[in-house]
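In what follows, a single structure is set out as structure tokens and then discussed.
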Amino acid sequence: MDNASLARTLSEVADMLEIEGANPFRIRAYRNAVRTIETQTTPLCKWVADDKPLTDLQGIGKEMASHIAEMCETGQLTQREDLAERIPAGLIDVMRLPGVGPKKAAKLFEELGIGTVDELEEAAQAEKVRELAGFGAKSEAKILQGIEDFRHHTARVRLDHADRHIQPLLEYLRDGGEAKTVEVAGSYRRRRETVGDVDLLAIVENPEAGTTLMQRFLDYPQVAEVQMAGDTRGSVRFGSGLQVDLRILPPESYGAALVYFTGSKEHNVRLRQRGVEAGLRISEYGVFKSDGEEADGDEADDPTAGERVGGADEAEVYAAVGLPWILPELREDRGEITAAAKDELPELITLDDLRGDLQMHSTWSDGKTSIEEMLVACAERGYEYFALTDHSKALAMTGGLDAERVRQQWEEIDEVQARHPEIRLLKSLEVDILADGSLDLEDELLEKMDVVLVSVHSRMSLPADQQTERILTALAHPEVDILAHPTGRRLGHRKAMDFDVDAVLEACAEHGVAVELNANPERLDLKDSHLMRARELGIPVVISTDAHNPRSLGLMRYGIEQARRAWLRPADVLNTLPLDEFLTAIGHPEAG
DNA sequence: GCCGTTTTCGGCCCGACTGTTTTCAGTCG
47 MDNASLARTL
57 SEVADMLEIE
67 GANPFRIRAY
77 RNAVRTIETQ
87 TTPLCKWVAD
97 DKPLTDLQGI
107 GKEMASHIAE
117 MCETGQLTQR
127 EDLAERIPAG
137 LIDVMRLPGV
147 GPKKAAKLFE
157 ELGIGTVDEL
167 EEAAQAEKVR
177 ELAGFGAKSE
187 AKILQGIEDF
197 RHHTARVRLD
207 HADRHIQPLL
217 EYLRDGGEAK
227 TVEVAGSYRR
237 RRETVGDVDL
247 LAIVENPEAG
257 TTLMQRFLDY
267 PQVAEVQMAG
277 DTRGSVRFGS
287 GLQVDLRILP
297 PESYGAALVY
307 FTGSKEHNVR
317 LRQRGVEAGL
327 RISEYGVFKS
337 DGEEADGDEA
347 DDPTAGERVG
357 GADEAEVYAA
367 VGLPWILPEL
377 REDRGEITAA
387 AKDELPELIT
397 LDDLRGDLQM
407 HSTWSDGKTS
417 IEEMLVACAE
427 RGYEYFALTD
437 HSKALAMTGG
447 LDAERVRQQW
457 EEIDEVQARH
467 PEIRLLKSLE
477 VDILADGSLD
487 LEDELLEKMD
497 VVLVSVHSRM
507 SLPADQQTER
517 ILTALAHPEV
527 DILAHPTGRR
537 LGHRKAMDFD
547 VDAVLEACAE
557 HGVAVELNAN
567 PERLDLKDSH
577 LMRARELGIP
587 VVISTDAHNP
597 RSLGLMRYGI
607 EQARRAWLRP
617 ADVLNTLPLD
627 EFLTAIGHPE
637 AG
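Numbering (this note's numbering), first residue to last: 47 to 638.
What follows is the structure, given as structure tokens:
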């Protein structure tokens with residue numbers, strides 16, 4: 047059983063316990079365990095097989111360890127099966143509907159026998175739901191709307207698409223002049239690969255300006271639906287489906303609010319726990335001394351009660367709990383708070399560290415521009431070198447190159463290179479890994495390449511064991527330097543191929559093959575958590591755009607962002623090296 | 001259910017908004 051399945055099963059147990067009204071802290075313990083499991087890069091069933099104690103992990107105690115062991119050994123969990131006899135699995139989907147939580151789901155089940163979303167829809171249409179205590183006509187309508195959305199299941203938005211919506215909105219809000227500052231927080235600021243909703247944060251000097259700003263927000267032409275509108279918090283949906291939330295706060299809360307709304311939720315929880323240990327209460331309003339004695343009456347309701355010790359900027363909030371400021375990209379509760387406490391936060395890679403781009407295409411295969419145009423564009427970006435990696439012949443529809451055309455292309459490369467000494471053009475190819483793991487080009491030519499990229503473009507739905515075997519075979523080929531877009535995923539279009547990522551990464555380490563981080567925002571492959579595993583294994587990473595035209599060379603920043611999320615430093619990335627060191631690192635030192 | 005340089009028991013993060021409530025529970029992030 048893989049970690050994702052372990053996490054899913056325990057998450058279902060947590061959901062069902064919640065519907066049963068179990069102890070909330072017990073439920074939280076399950077959810078904490080799920081998070082821990084999800085962030086592990088090695089399969090926990092391997093730990094079980096190796097007798098490595100699972101209780102070493104944060105949030106895994108005796109009980110969770112035995113649950114995990116049971117799942118690894120039997121493929122199921124008795125506790126889950128027991129719960130499933132009492133609680134229909136469909137009720138978990140019901141609980142996911144907006145406005146419906148565990149309590150209401152339980153009520154729907156007990157009073158109306160509703161166990162699935164379909165049954166709920168029927169009952170709501172028959173106006174039976176509004177008759178229950180705690181429900182009304184409005185909540186009934188909201189449920190029906192929620193079911194419709196659930197069916198269309200509004201997906202997360204790619205980061206580059208979110209960029210296109212957010213920049214004009216920011217300008218619009220800033221132009222009004224009511225706000226001192228308007229910033230984007232949330233997963234967008236942390237640069238997660240996709241964004242579920244956009245969290246905007248505005249600072250105003252007085253409540254009147256806040257009211258005007260909120261109205262301005264609700265009036266934005268893209269707004270299709272207002273979901274919530276209070277004095278300090280509004281929530282809307284754009285026609286495109288993108289959900290946008292706006293929070294309005296006073297200046298003294300700026301830093302605390304930015305921390306709070308940037309998240310991640312797990313990072314914040316960890317931060318507030320640290321606050322509690324230091325006798326502090328951290329909220330979006332600031333950092334306050336907690337009085338110790340029980341506040342009563344009005345004081346208990348005032349979020350700004352107690353002595354304010356910080357919150358005007360982010361550094362103050364972190365300083366209050368004895369930490370240096372932490373970069374947004376790292377705020378995922380993946381050890382950044384511990385590292386910050388020890389002053390061991392990494393110096394992350396930046397765009398300026400890169401000296402080359404190692405995957406791009408020209409009109410020789412499916413690119414849109416000539417070799418020379420790509421060269422000029424790369425030189426303009428200040429690169430010292432780049433690799434031209436047109437497709438090999440197996441990708442016939444892209445005009446992939448066979449041995450004969452490779453030789454012809456080399457002639458053109460030599461001519462172009464002779465005219466442009468300002469940048470080094472590396473001879474390369476994105477060679478297809480065929481279904482049996484062999485490579486789509488003769489060894490004689492592979493040996494003469496400066497860099498050999500390999501990747502899978504066909505038979506992507508092979509069974510996991512065959513897919514793994516196929517990639518392992520290719521990696522064992524002595525001429526292979528880089529495994530490009532290793533999982534083959536395309537966000538919103540195609541899931542990652544099913545194979546043993548960990549085994550492939552270990553093989554990369556063994557054979558000295560680098561893994562690519564494909565910077566195209568549709569791919570971002572490898573993803574951050576896998577890159578963290580690569581870093582642990584000491585596997586070098588290359589970050590490349592896979593550009594098919596000069597403009598796409600600019601997508602590199604999306605790759606850098608994900609690399610930063612994976613804690614990569616310049617030393618972890620091969621294309622930060624000067625040309626000679628780069629060629630030596632991939633085992634192709636230049637003569638002389 | 002997990003956890004502990006104050007604790008092996010008694011804690012466990014914080015606040016806003018909505019709908020259905022006459023004072024608040026449930027949900028959400």
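Here a beta-carbon is modelled for each residue, glycine too, at the ideal position from N, C-alpha and C.
Exposed or buried, residue i, counting other C-beta atoms within 10 Å across all chains shown (16 or more means buried)?
i    : result
L545 : A small correction: the amino acid at residue 545 is Phe; Leu does not occupy that position in the sequence shown. Buried, because 16 or more other Cβ atoms sit within 10 Å of the Cβ of F545.
K311 : exposed
S281 : buried
S484 : exposed
A580 : buried
M443 : exposed
F307 : buried
D97  : exposed
A397 : Reading off the sequence shown, one finds Leu at residue 397, where the question assumed Ala. With fewer than 16 Cβ atoms within 10 Å of its Cβ, L397 is classed as exposed.
V272 : exposed
M274 : exposed
D618 : buried
N69  : exposed
S233 : buried
D245 : buried
T55  : buried
Starting from the C-beta of residue i, find all residues in its chain whose C-beta is less than 7 Å away, skip the five residues before and the five after it, and write them out in chain order.
i    : result
V146 : V140 and I189
A522 : H557
E298 : G332, G357 and A358
L178 : K153 and E157
C91  : M47 and C118
P509 : none
K439 : G446, L447, D448 and D486
Y218 : Y266
D379 : S310, E312, H313 and R316
By Cβ distance, which residues of its chain are closer than 6 Å to residue i, with the 5 residues on each side in sequence left out?
i    : result
E340 : Any reading at E340 needs caution, since the residue's pLDDT is 42, under 50, leaving its predicted position unreliable; the model's value is listed next. Answer for E340: no residue qualifies.
V550 : I517
A152 : I65
D571 : H531, T533, R535 and N564
I528 : L499, A560, E562 and V588
Going by DSSP, what residue range makes up the alpha helix (DSSP H) through residue i?
i    : result
T227 : First-last for T227: T227 to V230, but that is the beta strand (DSSP E), not the alpha helix (DSSP H).
G49  : This sequence places Asn at residue 49; Gly is not what is there. N49 -> alpha helix (DSSP H) spans N49 to E66.
S112 : K108 to T120
Q289 : Here Q289 belongs to no alpha helix (DSSP H); instead the beta strand (DSSP E) covers Q289 to L295.
A248 : Looking at the DSSP string, A248 is not in any alpha helix (DSSP H); the run it does join, the beta strand (DSSP E), is D243 to I249.
R72  : P70 to T85
L259 : P253 to L264
K311 : K311 to E323
R451 : A449 to R465
Tell me where the beta strand (DSSP E) around residue i begins and ends.
i    : result
E474 : Before going further, note that residue 474 is Ser rather than Glu in the sequence given. Per DSSP, S474 belongs to the beta strand (DSSP E) from R470 to D478.
Q273 : V269 to A275
F432 : Y431 to L434
I417 : Taken as a continuous stretch (DSSP letters only), I417 belongs to no beta strand (DSSP E), being part of the alpha helix (DSSP H) at I417 to E426.
L158 : Premise fails: L158 lies in the alpha helix (DSSP H), P148 to L158, not in any beta strand (DSSP E).
L326 : L326 to S329
L499 : V497 to S501
Within its chain, find whatever has a CB closer than 8 Å to the CB of residue i; leave out the 5 residues flanking it on each side and keep chain order.
i    : result
R569 : H531, R535, R536, L537 and D592
K541 : R535
L100 : L90, W93, V94, I106, M110, A111, I114 and A115
Looking at residue i and the ligand ZN, is the gap between the Cβ and the nearest heavy atom below 7 Å?
i    : result
A440 : What this structure holds is no ligand at all, so the ligand ZN is not there to describe.
Per the contact definition of three or more C-beta pairs closer than 8 Å, is the stretch 254–270 in contact with the stretch 177–194?
-> no
Counting only runs that start and end within the stretch 345–411, where is the beta strand (DSSP E) found for 3 or more residues in a row?
-> 354–356
The stretch 122–136 touching the stretch 56–72, judged by at least three CB pairs closer than 8 Å = yes
Every unbroken beta strand (DSSP E) within the stretch 587–622, with a cutoff of 3 residues, ordered by chain | 587–590
Segment contact, 8 Å Cβ cut-off, at least three pairs: the stretch 72–81 with the stretch 99–108 = yes
The stretch 209–217 / the stretch 159–173 touching (three or more Cβ pairs under 8 Å) | no
For the stretch 492–511 against the stretch 599–608, are there 3 or more C-beta pairs whose distance is under 8 Å?
-> no
Starting from the N-terminal side, write out each stretch of the beta strand (DSSP E) that is 3 residues or longer and does not extend beyond the stretch 517–583.
-> 560–564
Do the stretch 346–364 and the stretch 216–230 make contact, defined as three or more Cβ pairs closer than 8 Å?
-> no
At least three beta-carbon pairs within less than 8 Å, the stretch 428–440 to the stretch 464–476 | yes
Cβ contact (3+ pairs, closer than 8 Å) linking the stretch 450–466 and the stretch 585–604 = no
Those runs of the alpha helix (DSSP H) which lie wholly inside the stretch 165–224 and span at least 4 residues = 183–198 and 205–221
Contact between the stretch 365–382 and the stretch 406–418 (3+ Cβ pairs under 8 Å) = no
Could you say if the stretch 624–636 and the stretch 506–515 meet the contact criterion of at least three C-beta pairs nearer than 8 Å?
-> no
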